[in-house]
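First to last, the sequence lines map onto chains A and B. Heads up, the first sequence is in the numbering used here, so the first residue is 668 and it goes up one at a time. Heads up, the second sequence is in the numbering used here, so the first residue is 3 and it goes up one at a time. By construction, the Cβ of each residue, glycine as well, lies at the ideal position given by its N, Cα and C atoms. Please read these numbers as outputs of a predicted model, since none were measured by experiment. Notes follow the structure.
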Amino acid sequence: MAILITEKTRVLVQGITGKEGSRATLQMKNYATRVLAGVTPGKGGQEVHGVPVYNTIKEALENHPGINASFVAVPNFAAYGAIKEAIENKIPLINILTEHIPIQDSAKAIAMAREANVRIVGPSSIGIISPGIGKVGSIGGDDPRGVYSKGNVGVISKSGGMASEISWILTKNGIGQSTVIGIGGDILVGSGFADLMADFEKDEQTKALVLFGEIGGTYEEEAAEFIKSGKFTKKVVSFVSGLFAETLPQGTKLGHAGAIIYGEKGSYKSKINSLKEAGVIIAKTPDEIPGLLEI
Amino acid sequence: MLLYEFEGKKLFKSCGIAVPKSQLLESESQRVKVKPPFVAKAQVLSGNRAKGGGIVFDQTNLFGKQINGEKVERVLVEEAIDYEKEYYLSFSYSTETRGLVMTFGEGGTGVEGKGAKTYAVDFDVLPKELVDTAHKLWEVFTKYDCELAEINPLVIDKAGKAWALDSKVILDDDADFRREEKFPQRNLFGRPPTDRELEARKIDEGDHRGTAGSVYWDLNGDIAVIAAGGGGSIVNMDALLAYGGRPANYTEHSGNPPREKLKKLTKIVLSKPGLKGCWFVGGTANFTDIYETLMGFVDGLKEIKPKYPIVIRRGGPRDKEAFEALAEIGKKEDFNFHIYGRETPMTSTAKIMKELAYGNTNN
Numbered sequence: 668m669a670i671l672i673t674e675k676t677r678v679l680v681q682g683i684t685g686k687e688g689s690r691a692t693l694q695m696k697n698y699a700t701r702v703l704a705g706v707t708p709g710k711g712g713q714e715v716h717g718v719p720v721y722n723t724i725k726e727a728l729e730n731h732p733g734i735n736a737s738f739v740a741v742p743n744f745a746a747y748g749a750i751k752e753a754i755e756n757k758i759p760l761i762n763i764l765t766e767h768i769p770i771q772d773s774a775k776a777i778a779m780a781r782e783a784n785v786r787i788v789g790p791s792s793i794g795i796i797s798p799g800i801g802k803v804g805s806i807g808g809d810d811p812r813g814v815y816s817k818g819n820v821g822v823i824s825k826s827g828g829m830a831s832e833i834s835w836i837l838t839k840n841g842i843g844q845s846t847v848i849g850i851g852g853d854i855l856v857g858s859g860f861a862d863l864m865a866d867f868e869k870d871e872q873t874k875a876l877v878l879f880g881e882i883g884g885t886y887e888e889e890a891a892e893f894i895k896s897g898k899f900t901k902k903v904v905s906f907v908s909g910l911f912a913e914t915l916p917q918g919t920k921l922g923h924a925g926a927i928i929y930g931e932k933g934s935y936k937s938k939i940n941s942l943k944e945a946g947v948i949i950a951k952t953p954d955e956i957p958g959l960l961e962i
Numbered sequence: 003m004l005l006y007e008f009e010g011k012k013l014f015k016s017c018g019i020a021v022p023k024s025q026l027l028e029s030e031s032q033r034v035k036v037k038p039p040f041v042a043k044a045q046v047l048s049g050n051r052a053k054g055g056g057i058v059f060d061q062t063n064l065f066g067k068q069i070n071g072e073k074v075e076r077v078l079v080e081e082a083i084d085y086e087k088e089y090y091l092s093f094s095y096s097t098e099t100r101g102l103v104m105t106f107g108e109g110g111t112g113v114e115g116k117g118a119k120t121y122a123v124d125f126d127v128l129p130k131e132l133v134d135t136a137h138k139l140w141e142v143f144t145k146y147d148c149e150l151a152e153i154n155p156l157v158i159d160k161a162g163k164a165w166a167l168d169s170k171v172i173l174d175d176d177a178d179f180r181r182e183e184k185f186p187q188r189n190l191f192g193r194p195p196t197d198r199e200l201e202a203r204k205i206d207e208g209d210h211r212g213t214a215g216s217v218y219w220d221l222n223g224d225i226a227v228i229a230a231g232g233g234g235s236i237v238n239m240d241a242l243l244a245y246g247g248r249p250a251n252y253t254e255h256s257g258n259p260p261r262e263k264l265k266k267l268t269k270i271v272l273s274k275p276g277l278k279g280c281w282f283v284g285g286t287a288n289f290t291d292i293y294e295t296l297m298g299f300v301d302g303l304k305e306i307k308p309k310y311p312i313v314i315r316r317g318g319p320r321d322k323e324a325f326e327a328l329a330e331i332g333k334k335e336d337f338n339f340h341i342y343g344r345e346t347p348m349t350s351t352a353k354i355m356k357e358l359a360y361g362n363t364n365n
């Protein structure tokens with residue numbers, strides 16, 4: 668059955684006339700995902716790859732009431748307004764590609780989404796793919812077929828590139844994926860590992876889970892707690908990166924905004940220890956993952 | 003960006019928080035205008051400044067000292083404040099609550115370990131004497147787009163007035179576009195930014211097509227690294243260190259940057275003297291055009307003409323085309339190429355790079 672992206676998913680693209688929005692729209696359509704409409708203020712009436720463009724989400728919904736997911740690909744300064752509009756219009760799933768959103772805006776958007784019972788995946792998310800069913804976002808690029816394959820392992824990754832690399836390693840070893848999700852590497856994300864593990868637990872297609880974590884923040888520790896409390900019972904294999912970052916001065920900025928440590932919190936050791944205590948199997952390299960899954 | 007104490011205090015002052023009368027000394031010979039009793043504080047970014055000997059009273063002999071590896075180049079001299087109570091107060095974001103938090107406690111330095119507690123932002127839990135300052139600190143935090151705004155210690159004098167004796171402010175770099183106040187580059191590694199660091203950061207300026215070089219740090223090693231992906235780059239740096247490789251730099255490119263950005267980045271990375279190898283490494287990309295990015299890399303190589311081994315591992319859109327072109331260019335230009343595609347585990351090429359650069363030894 669997969670999670671988040673199913674046969675019933677109907678997508679709206681916010682920022683559809685921009686480079687990223689337009690490119691992802693074509694990719695999603697090519698992967699048989701139903702993209703019903705796009706929104707760019709002031710550009711209503713146009714079409715992008717055959718998808719009608721509206722000025723507002725309200726207008727898009729009036730014409731396409733089936734929309735149940737929004738893909739946000741607007742510039743960072745416009746992101747908060749776009750997400751707010753999607754939440755106010757009660758679109759239940761919002762996937763945010765936009766990178767470098769000010770943390771103050773992310774915090775406001777996440778709080779608002781919680782209140783409205785709307786799920787955010789991202790910011791800085793590569794997207795969500797349920798292989799063989801559909802995808803939202805840039806995940807898999809023009810042709811996901813060589814890298815992502817249908818199967819029964821879920822993947823949650825803080826990195827878009829590593830979501831792809833891990834899926835490729837699985838596919839190469841004959842292991843398909845149920846749903847692969849890039850949650851983004853920001854400090855604050857709409858969905859952490861644990862939030863999505865709740866869905867994977869209920870999903871019959873998913874038999875095991877791979878987590879790609881890295882230093883910074885507490886999402887890996889939260890995942891460990893979630894498992895310890897008995898809320899996730901399937902096999903979990905995890906790979907955590909960031910030992911290199913710990914050789915640098917505190918506060919050194921690396922590729923992901925969230926991969927930053929001040930003090931003990933968010934350290935490699937803290938993550939590995941919590942995950943091990945929860946019974947998670949730790950892979951030393953990404954290529955070890957298929958062997959450790961043993962399925 | 004982490005601010006120095008004196009920079010943070012400027013922001014505090016602009017929102018009405020009381021800070022002691024002060025003077026910033028930029029050289030040893032500068033005359034001290036603040037009358038004793040005063041406190042002189044080394045302006046360094048590392049914590050534990052007091053333990054490191056960075057705070058002295060009624061003298062200013064801190065210039066040139068090393069505080070936790072950082073050379074002291076500026077000293078903040080402040081009138082001493084007689085106080086009766088001290089507190090810790092900060093606003094920040096928590097990955098646990100996914101939102102804003104207020105941290106408050108009694109006591110000063112090192113208070114984080116001494117029972118400061120984290121709350122949702124609620125001014126009512128604070129002692130009355132702190133409420134006004136808390137509102138002002140909140141203004142600093144939101145107005146300047148901070149990731150952290152901290153006063154430690156926040157003291158109360160005999161008259162009941164609150165003073166910020168220190169500041170720790172981390173600005174959110176992602177909000178730079180809407181913040182008017184600009185601050186110069188930090189001496190994060192205990193040294194001024196290198197020319198390569200400054201040059202690399204210029205690559206993305208005014209060109210939002212992907213990123214290349216926005217994050218670049220010079221390190222002490224001799225293997226040049228051009229890594230792909232915010233996440234993948236760290237995975238690969240971990241692997242290189244694990245195999246005993248010594249990286250000359252950290253940098254990453256992602257989001258399908260155009261060919262010319264990779265050319266610029268390659269020239270900057272390889273301009274370093276004494277390199278023993280170059281590692282162009284990345285996972286299996288979602289949408290970054292491998293042909294374009296690798297041809298940009300080659301454009302840079304053609305100008306530098308390195309003789310040392312060059313290990314390439316990459317996968318993703320147009321990778322086959324890229325590898326065919328690389329094989330040809332490698333022969334023609336006599337590059338010492340070692341090319342690996344997605345069939346070869348990404349992290350295993352760290353070992354290959356290390357052995358080619360240093361010989362098959364354990365150096």
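Q. Counting along the chain, where does the beta strand (DSSP E) carrying proline 957 of chain A start and finish?
A. By one-based count along the first sequence, residue 957 of chain A stands at place 290. First-last for proline 957 of chain A: 956 to 960, but that is the alpha helix (DSSP H), not the beta strand (DSSP E).
Q: Spell out whether any CB of chain A is found under 9 Å from the CB atom of methionine 297 of chain B.
A: Looking up residue 297 of chain B in the second sequence gives position 295. For methionine 297 of chain B, the answer is no, since every Cβ of chain A falls outside 9 Å of its Cβ.
Q. Over what stretch of residues does the beta strand (DSSP E) that includes phenylalanine 339 of chain B continue unbroken?
A. Locating residue 339 of chain B in the second sequence gives position 337, where the first residue counts as 1. Note, phenylalanine 339 of chain B: beta strand (DSSP E), 339 to 342.
Q. Using Cβ-Cβ distances below 9 Å, what residues of the segment 817 to 840 of chain A are close to chain B?
A. Ser824, Lys825, Ser826, Gly827, Gly828, Met829, Ala830, Ser831, Glu832, Ile833, Ser834, Trp835, Ile836 and Lys839
Q) Whose C-alpha, out of B/Val133, B/Asn154 and B/Lys184, is nearest the C-alpha of tyrosine 146 of chain B? A) Numbered from 1 along the second sequence, position 144 holds the residue referred to as residue 146 of chain B. The shortest C-alpha separation from tyrosine 146 of chain B is found at B/Lys184.
(Q) Judging by CA-CA distance, which residue of B/Lys15, B/Tyr245, B/Ser235 and B/Glu305 is the nearest neighbour of phenylalanine 282 of chain B? (A) Start at 1 with the first residue of the second sequence, and residue 282 of chain B comes out as number 280. Nearest C-alpha to phenylalanine 282 of chain B: B/Ser235.
**Q.** Members of the segment 754 to 777 of chain A that neighbour chain B once the beta carbon cut-off is set at 7 Å
**A.** His767, Ile768, Pro769, Ile770, Gln771, Ala774 and Ile777
Q. What's the call for valine 947 of chain A, buried or exposed, on a 16-neighbour Cβ count within 10 Å?
A. Your numbering for residue 947 of chain A matches position 280 in the first sequence. Buried.
Q: Can you give me the start and stop residues for the beta strand (DSSP E) that isoleucine 796 of chain A sits inside?
A: Numbered from 1 along the first sequence, position 129 holds the residue referred to as residue 796 of chain A. That run of the beta strand (DSSP E) goes 794 to 797.
Q: Count the other C-beta atoms from every protein chain shown that fall within 10 angstroms of the C-beta of aspartate 126 of chain B, then say buried if there are 16 or more, exposed otherwise.
A: The residue given as residue 126 of chain B occupies position 124 in the second sequence. Per the 10 Å Cβ criterion, exposed.
Q | threonine 253 of chain B - containing beta strand (DSSP E), residue span | A | Here the question's residue 253 of chain B lines up with position 251 in the second sequence. Segment 251 to 256, the beta strand (DSSP E) holding threonine 253 of chain B.
Q) According to DSSP, is proline 155 of chain B helix, strand or coil? A) By one-based count along the second sequence, residue 155 of chain B stands at place 153. Here proline 155 of chain B sits in strand by DSSP.
Q: Please say whether glycine 801 of chain A and isoleucine 672 of chain A have beta carbons closer to each other than 9 Å?
A: Taking the first sequence and counting its residues from 1, one reaches residue 672 of chain A at position 5. Taking the first sequence and counting its residues from 1, one reaches residue 801 of chain A at position 134. In contact: isoleucine 672 of chain A and glycine 801 of chain A (Cβ atoms closer than 9 Å).
Q | proline 311 of chain B, buried or exposed, once every other Cβ within 10 Å from all chains shown has been counted against 16 | A | Mapped onto the second sequence, residue 311 of chain B falls at position 309. Buried: at least 16 other Cβ atoms inside 10 Å.
Q: Return the Cβ separation of leucine 150 of chain B and serine 92 of chain B in integer angstroms, given the expectation that the two are a contact with Cβ distance under 8 Å.
A: Walking along the second sequence from the start, residue 150 of chain B turns up at place 148. Walking along the second sequence from the start, residue 92 of chain B turns up at place 90. Right, the Cβ-Cβ distance comes to about 6 Å (below 8 Å), so this counts as a contact.
Q: May I have the straight-line CA-CA distance separating asparagine 258 of chain B from glycine 212 of chain B, to the nearest angstrom?
A: Along the second sequence, read from residue 1 onward, the residue named residue 258 of chain B stands at position 256. Along the second sequence, read from residue 1 onward, the residue named residue 212 of chain B stands at position 210. In a straight line, the C-alpha of asparagine 258 of chain B is about 5 Å away from that of glycine 212 of chain B.
Q) So, helix, strand or coil for serine 934 of chain A, using DSSP? A) If you number the first sequence from 1, residue 934 of chain A lands on position 267. Note: serine 934 of chain A maps to coil in three-state DSSP.
Q) From A/Asn735, A/Val903 and A/Ser908, pick the residue whose C-alpha is nearest to that of glycine 880 of chain A; which is it? A) Residue numbering aside, residue 880 of chain A sits at position 213 when the first sequence is read from its first letter. Of the candidates A/Asn735, A/Val903 and A/Ser908, the one whose C-alpha sits nearest the C-alpha of glycine 880 of chain A is A/Ser908.
Q. Roughly how many angstroms separate the alpha carbons of proline 347 of chain B and leucine 64 of chain B, rounded to a whole number?
A. Along the second sequence, one-based indexing puts residue 347 of chain B at 345. Along the second sequence, one-based indexing puts residue 64 of chain B at 62. Approximately 51 Å between the Cα atoms of the pair.
Q. Given that a residue counts as buried once 16 or more other Cβ atoms are within 10 Å of its Cβ, and exposed if not, what is glycine 115 of chain B?
A. Indexing the second sequence from 1 puts residue 115 of chain B at position 113. In this predicted model, glycine 115 of chain B has a pLDDT of only 49, less than 50, meaning its place in the structure is not dependable enough to derive any value.
Q) Is any beta-carbon of chain B found at less than 9 Å from that of lysine 943 of chain A? A) As a position in the first sequence, residue 943 of chain A is number 276, starting the count at 1. It does not: the Cβ of lysine 943 of chain A has no partner Cβ on chain B nearer than 9 Å.
Q. Are the C-beta of aspartate 870 of chain A and some C-beta of chain B separated by less than 9 Å?
A. Numbered from its first residue, the first sequence carries residue 870 of chain A at position 203. Cβ-Cβ to chain B under 9 Å: no for aspartate 870 of chain A.
**Q.** chain E contacts made by the segment 861 to 890 of chain A, where a contact means CB separation under 9 Å
**A.** Of the protein chains in the structure, A and B, none is chain E.
Q | Interface residues of chain B facing leucine 921 of chain A [CB-CB closer than 9 Å] | A | As a working mapping, residue 921 of chain A is identified with position 254 in the first sequence. Near leucine 921 of chain A (Cβ distances below 9 Å), the residues of chain B are Val217, Trp219, Gly232, Ser235, Ile236, Met239, Tyr252 and Glu254.
Q: May I ask you to report which of helix, strand or coil DSSP gives valine 377 of chain B?
A: Because chain B in this structure spans residues 3 to 365, residue 377 of chain B falls outside the shown range and cannot be described.
Q: State buried or exposed for valine 877 of chain A, treating a residue as buried only when at least 16 other CB atoms are found within 10 Å of its CB.
A: Counted from its first residue, the first sequence places residue 877 of chain A at position 210. Valine 877 of chain A comes out buried.
Q: Would you check if there are 3 or more beta carbon pairs closer than 8 Å linking the segment 204 to 224 of chain B to the segment 800 to 820 of chain A?
A: no
Q: Answer yes or no: do isoleucine 796 of chain A and glycine 789 of chain A have a C-beta to C-beta separation smaller than 9 Å?
A: Locating residue 796 of chain A in the first sequence gives position 129, where the first residue counts as 1. Locating residue 789 of chain A in the first sequence gives position 122, where the first residue counts as 1. Against a cut-off of 9 Å, the Cβ pair of glycine 789 of chain A and isoleucine 796 of chain A comes out as no contact.
Q. Can you list the residues of chain B that threonine 846 of chain A reaches, using a CB-CB cut of under 8 Å?
A. Here residue 846 of chain A refers to the residue found at position 179 of the first sequence. The premise fails here: threonine 846 of chain A is roughly 15 Å from chain B at the closest Cβ pair, so nothing lies under 8 Å.
Q. What are the residues of the segment 144 to 172 of chain B that lie near chain A, defined by any Cβ-Cβ distance shorter than 9 Å?
A. Thr144, Asp147, Cys148, Glu149, Leu150 and Ile172
Q. DSSP state of isoleucine 57 of chain B, grouped into three classes?
A. Residue numbering aside, residue 57 of chain B sits at position 55 when the second sequence is read from its first letter. Note: isoleucine 57 of chain B maps to strand in three-state DSSP.
Q.
Could you tell me which whole beta strand (DSSP E) segments of length 3 or greater appear in the segment 315 to 355 of chain B?
A. 339 to 342
(Q) Among the candidates B/Met297, B/Val171 and B/Ile205, whose CA atom is the shortest distance from the CA of threonine 253 of chain B? (A) The sequence position of residue 253 of chain B within the second sequence is 251, counting from 1. The shortest C-alpha separation from threonine 253 of chain B is found at B/Ile205.
Q | Residue environment, serine 29 of chain B, which counts as buried when at least 16 other CB atoms sit within 10 Å | A | For the purposes of this step, residue 29 of chain B is identified with residue 27 of the second sequence, where counting begins at 1. Classification of serine 29 of chain B: exposed, given that the 10 Å Cβ count is below 16.
(Q) Beta-carbon within less than 7 Å of glycine 799 of chain A's beta-carbon, same chain only, minus the 5 sequence neighbours each way: which residues are those? (A) Residue 799 of chain A sits at position 132 when you count from the first residue of the first sequence. The residues are Lys817.
Q. Where does isoleucine 754 of chain A fall in DSSP's three states?
A. The residue given as residue 754 of chain A occupies position 87 in the first sequence. Here isoleucine 754 of chain A sits in helix by DSSP.
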